[in-house]
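This report concerns only the one structure given below.
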Amino acid sequence: MSITIHQGELSQPDVQKLLALHVAAMHAHSPPEACHVLPGSAFAHPSITFFTAREDARLLGIGALKALGPEGGEIKSMRTAPTALKRGVGQALLEAIIAEARNRGYPALWLETGTGEDFAAATALYDRNGFSACGSFGDYPDSPFTCFLRLPL
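Here full-length UniProt numbering is used: the first residue of the sequence shown is 1, the next is one more, and so on.
Next comes the structure, spelled out in structure tokens:
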């Protein structure tokens, strides 16, 4: 499989469909007080760089990098298409986001994710790539359902 990473493409119908699936899944697997998923329209904000992973023209996954200011960036809403699971899509997207963060000179990358079984694959991906547990950041409240991770760059 030849995965290519692109920036932008937020308005593409296949991207909107995968984003809608992601938002629905996050609401289904997260308690309301711990569900911090952005609606699709929020990714158009100038502080967010949106990424897609494709094989030829087929959408494989999405992810985003949000500028946080001097402390670095935040990884937002990574999602692999159901038909592309276990094919390295998440790794390819994560590598592209980390590379962009390093290119920008960010000192660290941060992320917030859930702690349940539905988040185990994502947590394992971040663990393999050197992220470690940290305290809450930004406006996120502490919660038993929420896990905060940081990768020094």
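Where is the CB? At the ideal position from N, CA and C, for every residue including glycine. Predicted model only: the values in this text are computed from it and were never measured.
Given 8 Å, three or more beta-carbon pairs between the segment 41–58 and the segment 84–94 = The answer is yes - the segment 84–94 touches the segment 41–58, with three or more Cβ pairs under 8 Å.
Under the assumption that cysteine 147 contacts threonine 113 (Cβ atoms under 8 Å), give the Cβ distance between them as a whole number of angstroms.
-> Counting from one through the sequence shown, the residue named residue 147 turns up at place 147. Counting from one through the sequence shown, the residue named residue 113 turns up at place 113. About 5 Å separates the two Cβ atoms, so the contact holds.
Which residues mark the beginning and the end of the alpha helix (DSSP H) in which glycine 90 is found?
-> If you number the sequence shown from 1, residue 90 lands on position 90. Here the alpha helix (DSSP H) through glycine 90 covers 89–103.
Is alanine 81 helix, strand or coil when you go by DSSP?
-> Within the sequence shown, residue 81 is the residue found at index 81, counting from 1. Three-state DSSP puts alanine 81 in coil, outside helix and strand.
First and last residue of the uninterrupted alpha helix (DSSP H) at leucine 125 | Counting from 1 along the sequence shown, the entry for residue 125 is found at position 125. Going by DSSP, leucine 125 is part of the alpha helix (DSSP H) stretching over 120–128.
Can you name, in chain order, every residue of its own chain whose Cβ lies under 7 Å from the Cβ of lysine 66, other than the five neighbours on each side?
-> In the sequence shown, residue 66 corresponds to position 66, counting from 1. Exclusion of the five residues before and after lysine 66 leaves Ser47, Ile48, Gly73, Glu74, Lys76 as the residues of its chain whose Cβ lies within less than 7 Å of its Cβ.
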